[in-house]
Amino acid sequence: MSTGVIIALIVIVVAVAVVAAALTLLNRRPPGGRTLRRRFGPEYDRAVARHDGDTKAAEADLAERVKLHGGLREKALDPADRERFTAGWTAAQERFVDSPSEAVAEADRLLGDLAGARGFPGVEQYEEQVSALSVHHGHHVHGYRTVHRAALARTDKNGTVDTEQMREAMLEARVLFEELMSPDREDRSTASVRDTDAADDVSESEDDHSRRTRRFGMTKNDRHTEPA
Numbered sequence: 183m184s185t186g187v188i189i190a191l192i193v194i195v196v197a198v199a200v201v202a203a204a205l206t207l208l209n210r211r212p213p214g215g216r217t218l219r220r221r222f223g224p225e226y227d228r229a230v231a232r233h234d235g236d237t238k239a240a241e242a243d244l245a246e247r248v249k250l251h252g253g254l255r256e257k258a259l260d261p262a263d264r265e266r267f268t269a270g271w272t273a274a275q276e277r278f279v280d281s282p283s284e285a286v287a288e289a290d291r292l293l294g295d296l297a298g299a300r301g302f303p304g305v306e307q308y309e310e311q312v313s314a315l316s317v318h319h320g321h322h323v324h325g326y327r328t329v330h331r332a333a334l335a336r337t338d339k340n341g342t343v344d345t346e347q348m349r350e351a352m353l354e355a356r357v358l359f360e361e362l363m364s365p366d367r368e369d370r371s372t373a374s375v376r377d378t379d380a381a382d383d384v385s386e387s388e389d390d391h392s393r394r395t396r397r398f399g400m401t402k403n404d405r406h407t408e409p410a
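In this text, residue positions in the sequence shown follow this note's numbering: the first is 183, and each later residue adds one.
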């Protein structure tokens, strides 16, 4: 083998090693702002707001969530669990007509149990559960927070949540419920979130909003007054 061929082989080997090292470093780097914004959707903006506009701090927070929970694989629901959760959610929606506060509490409990059944941290670890959900369901996890706050307010003497707020909490929570129930969901830890998810799922059209609120047997002008 000539000296020229040997040198060429050495150069190729070194080049391959350099490329491999570069790819390894890129894979180990925390996800950047664009990647985080695409993955977390509205949750990205909420993180920035929670950090008083400090984008770097917010991105560090979100990157840490990905590091902790990005490898989580959601478990499939067996038919019995699927039927149980579906029946429970239907019952909660029907209960809203007579007792919005009880319906909200039931929706909160169902979401926590459903998330646990899908492989997320249990409901007894609420903050950790929400953190993990935000990594895989960043576009809709706020619905869980909203209904959870509404459920807590009903047991807090200083908490005040009117019927309209509880209705909105139920609507937001339902989007997350349906996503967690979906049997053929994309794995959000590896797949890019569709660009239109936030607009399509969070901002409901007036017609869709009216149709959903009618399922609760109410309109905006027909409010219940919760007993003190």
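From the three backbone atoms N, C-alpha and C, an ideal C-beta is built for every residue, glycine too.
Computed from a predicted model, the values in this text were never measured in an experiment.
Quiz item: Is LEU191 buried or exposed, if buried means 16 or more other CB atoms sit within 10 Å of its CB?
Solution: Counting from 1 along the sequence shown, the entry for residue 191 is found at position 9. Exposed.
Self-check item: Segment limits, alpha helix (DSSP H) that includes LEU250
Solution: Here residue 250 corresponds to residue number 68 of the sequence shown, with the count starting at 1. Looking at the DSSP string, the run of the alpha helix (DSSP H) that includes LEU250 is 237–251.
Self-check item: Endpoints, the alpha helix (DSSP H) within which ASP227 is located
Solution: Along the sequence shown, one-based indexing puts residue 227 at 45. Residues 224–232.
Practice problem: Classify PRO365 as buried or exposed, calling it buried when 16 or more other Cβ atoms lie within 10 Å of its own Cβ. | Solution: As a first step, residue 365 is located in the sequence shown; it is residue number 183 there, counting from the start. By the C-beta density criterion, PRO365 is exposed, having fewer than 16 other C-beta atoms within 10 angstroms.
Practice problem: Answer with buried or exposed for LEU286, where buried requires no fewer than 16 other C-beta atoms within 10 angstroms of its C-beta. | Solution: Along the sequence shown, read from residue 1 onward, the residue named residue 286 stands at position 104. Reading off the sequence, residue 286 comes out as Val, not Leu. VAL286 is buried by the Cβ-count criterion.
Quiz item: How many whole angstroms separate the CB atoms of ALA332 and VAL343, which I take to be in contact at a CB cut-off of 8 Å?
Solution: Locating residue 332 in the sequence shown gives position 150, counting from the first residue. Locating residue 343 in the sequence shown gives position 161, counting from the first residue. Contact flag correct, Cβ pair sits at about 5 Å.
Exercise. Round the Cβ separation of GLY320 and ARG255 to the nearest angstrom and send it over; I've been treating them as touching at under 8 Å.
Key: The residue you call residue 320 lines up with position 138 of the sequence shown. The residue you call residue 255 lines up with position 73 of the sequence shown. About 17 Å separates the beta carbon of GLY320 from that of ARG255, a gap too long to meet the 8 Å contact definition.
Exercise. Could you spell out where the alpha helix (DSSP H) holding SER313 opens and where it closes?
Key: Within the sequence shown, numbered from 1, the residue matching residue 313 stands at position 131. Here the alpha helix (DSSP H) through SER313 covers 308–318.
Quiz item: Relative to the alpha-carbon of ALA335, which residue among SER283, ALA273, ASP260 and ARG264 has its alpha-carbon at the smallest distance?
Solution: Taking the sequence shown and counting its residues from 1, one reaches residue 335 at position 153. Measuring from the Cα of ALA335, the nearest candidate turns out to be SER283.
Self-check item: PHE302 (DSSP reduced to helix, strand or coil)
Solution: For the purposes of this step, residue 302 is taken as the residue at position 120 of the sequence shown. Reduced to three states, the DSSP call for PHE302 is coil.
Quiz item: Could you give the C-beta distance for LEU244 and LEU293, rounded to a whole number, given that I count them as a contact under 8 Å?
Solution: Position 62 of the sequence shown, counted from the start, is the residue given in the question as residue 244. Position 111 of the sequence shown, counted from the start, is the residue given in the question as residue 293. So it is not a contact: roughly 22 Å between Cβ atoms.
Exercise. Please determine, among GLU346, TYR326 and MET348, the residue with the shortest C-alpha to C-alpha distance to GLU360.
Key: One-based indexing of the sequence shown puts residue 360 at position 178. The candidate whose alpha carbon is nearest that of GLU360 is TYR326.
Quiz item: When we look at the beta-carbon of GLU306 and count the other beta-carbons within 10 Å, is it buried (16 or more) or exposed?
Solution: Locating residue 306 in the sequence shown gives position 124, where the first residue counts as 1. Within a 10 Å sphere around the beta-carbon of GLU306 sit fewer than 16 other beta-carbons, which makes this residue exposed.
Self-check item: Supposed contact pair VAL323 and VAL312 - C-beta distance, whole angstroms, cut 8 Å
Solution: Locating residue 312 in the sequence shown gives position 130, counting from the first residue. Locating residue 323 in the sequence shown gives position 141, counting from the first residue. Contact annotation, VAL312 with VAL323: C-beta distance approximately 6 Å; criterion of less than 8 Å satisfied.
Quiz item: Of all the options GLY298, PHE278 and ASP236, which has the alpha carbon lying nearest to the alpha carbon of GLU156?
Solution: Because residue 156 is not part of the residues shown, which for the chain are 183 to 410, the question remains open.
Quiz item: Do you know whose CA, among MET352, GLU241 and GLY223, lies nearest GLU288's CA?
Solution: Here the question's residue 288 lines up with position 106 in the sequence shown. Just measuring C-alpha positions, the residue of MET352, GLU241 and GLY223 sitting nearest GLU288 is MET352.
Practice problem: Taking the CB atoms as reference points, tell me whether ALA299 and ASP263 lie closer together than 9 Å. | Solution: Position 117 of the sequence shown, counted from the first residue, corresponds to residue 299. Position 81 of the sequence shown, counted from the first residue, corresponds to residue 263. At the C-beta level, ALA299 and ASP263 come within 9 Å of one another.
Self-check item: Beta-carbon proximity of PHE222 to SER281, cut-off 9 Å
Solution: Here residue 222 is taken as the residue at index 40 of the sequence shown, counted from 1. Here residue 281 is taken as the residue at index 99 of the sequence shown, counted from 1. No. Outside cutoff.
Exercise. Taking only runs that begin and end inside the segment 262–289, name each unbroken alpha helix (DSSP H) of 4 or more residues, in chain order.
Key: Counting whole runs of 4 or more residues, the segment 262–289 contains no alpha helix (DSSP H) stretch at all.
Practice problem: Determine the burial state of PRO303: buried for a count of at least 16 other Cβ atoms within 10 Å of its Cβ, exposed for fewer. | Solution: The sequence position of residue 303 within the sequence shown is 121, counting from 1. The residue in question, PRO303, is buried, as its Cβ has 16 or more Cβ neighbours within 10 Å.
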